[in-house]
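Residue numbers (this note's numbering), protein chains in the order written: chain A, 1 to 274; chain B, 275 to 548; chain C, 549 to 822; chain D, 823 to 1096; chain E, 1097 to 1370; chain F, 1371 to 1644.
C-beta: ideal position from N, C-alpha, C; glycine also.
What follows is one structure encoded as structure tokens, with my remarks underneath.
6 protein chains.
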Amino acid sequence: MLPPLLIEPLVRAALLEDLGRAGDITTAACVPQHIQAEAILVARQAGTIAGLDLAATAFQLVDPGARFSPSLIDSARVEAGDVIARVGGPARGILTAERVALNFLCHLSGIATATREIAERIAHTNCRVTCTRKTTPGVEKYAVRCGGGMNHRFGLDDAILIKDNHIAIAGGLRAALVRARTHAGHLVKIEVEIDALAQLEEALSLGVDAVLLDNMTPAELFQAVRMVNGRATTEASGGITVQTACDFAETGVDLISVGWITHSAFSLDIGLDI
Amino acid sequence: MLPPLLIEPLVRAALLEDLGRAGDITTAACVPQHIQAEAILVARQAGTIAGLDLAATAFQLVDPGARFSPSLIDSARVEAGDVIARVGGPARGILTAERVALNFLCHLSGIATATREIAERIAHTNCRVTCTRKTTPGVEKYAVRCGGGMNHRFGLDDAILIKDNHIAIAGGLRAALVRARTHAGHLVKIEVEIDALAQLEEALSLGVDAVLLDNMTPAELFQAVRMVNGRATTEASGGITVQTACDFAETGVDLISVGWITHSAFSLDIGLDI
Amino acid sequence: MLPPLLIEPLVRAALLEDLGRAGDITTAACVPQHIQAEAILVARQAGTIAGLDLAATAFQLVDPGARFSPSLIDSARVEAGDVIARVGGPARGILTAERVALNFLCHLSGIATATREIAERIAHTNCRVTCTRKTTPGVEKYAVRCGGGMNHRFGLDDAILIKDNHIAIAGGLRAALVRARTHAGHLVKIEVEIDALAQLEEALSLGVDAVLLDNMTPAELFQAVRMVNGRATTEASGGITVQTACDFAETGVDLISVGWITHSAFSLDIGLDI
Amino acid sequence: MLPPLLIEPLVRAALLEDLGRAGDITTAACVPQHIQAEAILVARQAGTIAGLDLAATAFQLVDPGARFSPSLIDSARVEAGDVIARVGGPARGILTAERVALNFLCHLSGIATATREIAERIAHTNCRVTCTRKTTPGVEKYAVRCGGGMNHRFGLDDAILIKDNHIAIAGGLRAALVRARTHAGHLVKIEVEIDALAQLEEALSLGVDAVLLDNMTPAELFQAVRMVNGRATTEASGGITVQTACDFAETGVDLISVGWITHSAFSLDIGLDI
Amino acid sequence: MLPPLLIEPLVRAALLEDLGRAGDITTAACVPQHIQAEAILVARQAGTIAGLDLAATAFQLVDPGARFSPSLIDSARVEAGDVIARVGGPARGILTAERVALNFLCHLSGIATATREIAERIAHTNCRVTCTRKTTPGVEKYAVRCGGGMNHRFGLDDAILIKDNHIAIAGGLRAALVRARTHAGHLVKIEVEIDALAQLEEALSLGVDAVLLDNMTPAELFQAVRMVNGRATTEASGGITVQTACDFAETGVDLISVGWITHSAFSLDIGLDI
Amino acid sequence: MLPPLLIEPLVRAALLEDLGRAGDITTAACVPQHIQAEAILVARQAGTIAGLDLAATAFQLVDPGARFSPSLIDSARVEAGDVIARVGGPARGILTAERVALNFLCHLSGIATATREIAERIAHTNCRVTCTRKTTPGVEKYAVRCGGGMNHRFGLDDAILIKDNHIAIAGGLRAALVRARTHAGHLVKIEVEIDALAQLEEALSLGVDAVLLDNMTPAELFQAVRMVNGRATTEASGGITVQTACDFAETGVDLISVGWITHSAFSLDIGLDI
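Take a look at the structure:
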């Protein structure tokens, strides 16, 4: 569950953008003020739900009299036709908040569903799926966890991740790592991107917490995992799809990272029926 | 082109979220302060570009000394391998801004590319493709225009769109429309969702600016367009894919609206090489 | 009624500006903390009320224990001496919020009163009075509606209004209109400023939703309305006063727009008595 | 001159409200991107100018390439037809910023003009005109100074002003004043509202910095000024108009305070011609 | 007591900075969601308490179900071991808010304690201790009052304080004072910094509300107070410590101002025990 | 060096708080607009400098024409009388920005100086000094680095730090650690607070990245470091002063953490002379 202090500004901003300067003029014109309504949120396709708190917040910010009663919790699986939540109260508020509530719920559930699909295919291994930093600001990271995935860094400041460009500019892997170890606080982990097996042993000998094995084939990964032999966390990235996830996971890597579960997520189809 | 006044806060917020409390600790550790670098942004797949101004803003906000030189303009088509832009200046700034710049550029280009794919398939008709309001806050609407699409409402306050739930609560189509016409300012258009041909003639007789023909087959749409006969703008929605877009467009409707070009957009693959 | 989500930030900002860094030092010094008070808001002159929700919000933001009970609703008419609302609760909160509450209420009621004065004088025609975009940011548009007026555009982005300067730069009326029709979404209306009857037929032949007939005499307007003959909404502006409003309205125009009801509004005199 | 740090957020907020979500769609449609324009700001009626920095900021925020060259400075008098400023640069930016720039300039110049009118009528006395706290948040106080007026309190926290309601709740003038003197820092002045001459001597004997003589006739004020005899600053308020200002000023009071110069100010008519 | 409207944004900002992008990951990992806890805030050293409202706000913002029950009020003295407050409710919320709540409470209580120490040493004189403007933004001024001190200016805009640099640039004390008197509103006090007795008589003859006697010895101050003889408030500053405060106060000055009670305050040791 | 994107909002907020609603009325009154001035920032006591970028930003935000030329860089040591920087430009801007610039510079330099004092006393060991999370929001962490110290966590979300209260509520050390390892991403480190040697072996056997050895004597720490034997980073906290720092450092711990270098820092005395 995300802290309300973090959720509320996101939902408020989305509502204010949607309300614009004049508010919901359709509802103000067509719906008399005192009419009450009951609505259900229904899954129109199967998937994994994420974002119920954001949907609830949308209805309650528009009208504190709205009652949002989820039928399940984030991370739950749904089939098409399942009722996800009920919302009752002033009809105006329900209609005005509907789209923002559904935007968050459908988008995050889409991420959770995609993550879950991979997570299940690799469930027989010790490997976990993780997202990347290729997200737009927001709560996508949370949805990944709802789908059974792990989170990578949240930003540029919560771990050191040395990539090829850093290595090139620093003057080589050794120079980059020595600089990094001097600057890093004692609670900051260091991960290095490894593009070829030749770099791997040097990185391990210098001491790193994790290696990002980029664009390697399952065969190369299998060999890399043997070389690492528990001295660092191993993460594979590059070209991993739902179909190939299992091949990557079975190489023994600790993590496979998949950018598209957040940056190219589809939106789970959920509707509101009154 | 979007006004800088609207772009800048979006990019600044994304950068501040990524910088967190301590900034880019990898780059601060690994990259000496005075090193200069030149980088190119390269398309790794074919598509339509949108968001160059946002990418430029990201680099310039992190370091005013960064020089961003686009090789083309928004709406341009690229092939895999095409150089999209060059960015030069302090290496630290380029590396720190890289991900935020690419996040905007890849996401918006993905929308523009999806839009363009539909737009081309219906180019031989008078029909245009339009987005829906199912977006997260931001600049996705602009990307749709870059892809050759039109924009629907920007929010709840810039047009009246009467949907089935409004009609049900207002007590019927006539009641809803009468209320709407009384409240609407003279520069506000009114569109009504029509779920069955039976409702269509009543809506037209009451006077509307546009009709949203929802979940109709091409055959039904063909009939509906004949009934409307120029008395209102016609918009089709529901179940429109890249493959079926042409069938819908050829019915003679003025617009087909497609939610997934924004809410389930893929991210165009673009990389930064130093 | 304006959405609380839009009202609250306005009132909060006004209160924070008034509280400054040290809060209401007079009340903190002179009024013991636990004293309760009952106060009435009384009209000191006749007029039309607007802004009750903003006044209520001011008292409740300063002290959630304040109870604000309006005796009437926005749009109601008052005579001098009428009680508009009662507010009870902690004396400190009532005194601290008083000026901000009254500032909103008096200012918006002044606008509503001025609007009503015109609206009544033209009530026997089909013409409606509308405001212009010459407002400071805020809720003045709402007050115009309370006074029986209509709203013009809310901003630069919710309708196209082509004025003389646009026409001059675009290279003529035809060029401007062709460009506008290409860019406008299907829910965006187009209005054109017409300074002389000679332009009117051209505009109508190109197809516009509304014409702004600027600085014309009633006689010219009468002729213009005949020429338009229902093909577009007609709006008159320029030099319209309380005294002349009727002459303009009786020409048959659909709207008269009057900037001074918002930008030069007087403040309705309302007092708070304990 | 107001500090740019205080002006910029005001102008930016007004522009963002006007731009909405889609920006100036009229100008984007009708005006090609690279056209340059020169415009003049011309007074359409006589008055006193205030707000040039805000107008300049509006143009420059929309387009940093805009050049704003004032022909005079704030506080200057103009006749109808006088050129106030020239603005040159990209035509799009000039047209987009026009309304916001004029809104600030016309509104503040209206305040300055009204203030000046009173200031001149009392110029032969030692009395000065001052505004009240009955303003909407912003820069109106500055405009009053441009018109030759003085400013009263800026908020609830920069001076103690004990009014009738405070006195009633505190249990009398003495109790209120004793409490106030205990709490007030050494740089905080204390003013007391006096509704009848009977209260005046008590207030003076307790020691106050200023007395607000409310709703007194010129004859009563004349007597009050004699009683005060330099022991406190004297301020008259209530029922002061342009016509009666001189009668009040000639009683010998130090200040006359006039709420309507800010809360009911008219807007000075200024136009932009290209 | 500070207005909640001013406190809430400060505490919210501190919490959001501490929560970062992912929230309290330790508590989320280790503490099950539904566990309730009771905790006490205990003084670990003697001092004067300030900031209870800020601590309460921290707990309530994180979890509205938290109950904060102070055992005493701001300004109260505590001994080591005294219970300051009890807080009960969801264990997660209490642990997450703990550090922000204590940061405010310890910092402000440190200021109040330092202020009280001086205030007590000069209690037998008529002199009061005051803070300076050398604070970081926030609520330190309030803590000074809790410790029995007075507040100096809150900012650059609520009084005129002419210092040596102003005098130098204005071209002498007379020129600076004449300019100041012309510009100052009738509720603005004027204080002048006096570095030598020779300047004092000139300042008094020109009329000032207060004199800031800077870096004078107690013997010089004694002489200065005699010269002033009640014509202005006297304030001593420069080199005043806990040990010397009494010597300065006994010279007869009205105020001693001490910057370090805010800018170099220690933090009172307070702990939270579950 | 901190990113300008993070510094600017802090300095802007401090300036806006100081400017209030009316700006620097002393300088506006006393200093003519076009006077130029040159000033130097001079250390009035020995110490280590931090915060030059914040001081520069303060002057430049108030007047872009101000030129700030530091004579040294952050982390440099100064003696009393050393010139730290020169600032030239419009006299008004320099005087208005002076206090905010000095507040940041003196406060951060105080932290850097305190940190340096400890860092030097333990320079002959491998131990480093680190701050704690007991800071007010801002840039204090950076100042610690300028003084030669390391940074602990920046917030609740960038590492897991399991304290006694977490252990108690989770039902023991083992339960807490198992939960933490399940939730932690692969780049998140885990530290555990150890109050007694008996807990230490259990923590190590379960696998932790660091142990926080709280309130132990140097003798106990010496024994703990032997037990850990390189299996985790060791951090000592509790009761560490300038005088005892060396005793703690010589036990072989990797880090000593000292809260007072940030929460009870003194302010380094720096003045501005024109």
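Chain E contact for residue i (CB, 8 Å cutoff)
i, result
"residue 637(C)", "no"
"residue 610(C)", "yes"
Pair within 8 Å by beta-carbon distance, residue i and residue j
i, j, result
"residue 77(A)", "residue 48(A)", "yes"
"residue 383(B)", "residue 302(B)", "no"
"residue 717(C)", "residue 1083(D)", "no"
"residue 1243(E)", "residue 1226(E)", "no"
"residue 1639(F)", "residue 1415(F)", "yes"
"residue 1034(D)", "residue 279(B)", "no"
"residue 100(A)", "residue 18(A)", "yes"
"residue 568(C)", "residue 977(D)", "yes"
"residue 1349(E)", "residue 1317(E)", "yes"
Beta-carbon contacts of residue i that lie in its chain and below 7 Å, excluding the five residues immediately before and after
i, result
"residue 454(B)", "434, 436, 464"
"residue 998(D)", "984, 988, 989, 992"
Bridge-paired residues (DSSP) for residue i
i, result
"residue 545(B)", "316(B)"
"residue 1440(F)", "1455(F)"
"residue 456(B)", "BP columns for residue 456(B) are empty, so no partner."
"residue 531(B)", "404(B), 511(B)"
Close Cβ partners of residue i (< 6 Å) along its chain, the five nearest in sequence each way excluded
i, result
"residue 1182(E)", "1136, 1165"
"residue 488(B)", "467, 469, 511, 512"
"residue 369(B)", "301"
"residue 90(A)", "63, 65"
"residue 936(D)", "1083, 1087"
Cβ of residue i within 8 Å of any chain C Cβ
i, result
"residue 1008(D)", "no"
"residue 437(B)", "no"
"residue 509(B)", "yes"
"residue 1245(E)", "no"
For residue i, three-class secondary structure by DSSP
i, result
"residue 336(B)", "helix"
"residue 1610(F)", "coil"
"residue 1143(E)", "strand"
"residue 1621(F)", "coil"
Residue i at chain B interface by Cβ criterion, 8 Å
i, result
"residue 1052(D)", "no"
"residue 739(C)", "yes"
8 Å Cβ cutoff, residue i in contact with chain D
i, result
"residue 1392(F)", "yes"
"residue 1385(F)", "yes"
Chain F contact for residue i (CB, 8 Å cutoff)
i, result
"residue 1114(E)", "yes"
Close Cβ partners of residue i (< 8 Å) along its chain, the five nearest in sequence each way excluded
i, result
"residue 476(B)", "447, 448"
Test: residue i CB closer than 8 Å to a CB of chain G
i, result
"residue 5(A)", "Of the protein chains in this structure, namely A, B, C, D, E and F, none is chain G."
Residue i Cβ short of 7 Å to the ligand COA heavy atom set
i, result
"residue 817(C)", "Although the ligand COA was asked about, the structure shown includes no ligands whatsoever."
8 Å Cβ cutoff, residue i in contact with chain A
i, result
"residue 1580(F)", "yes"
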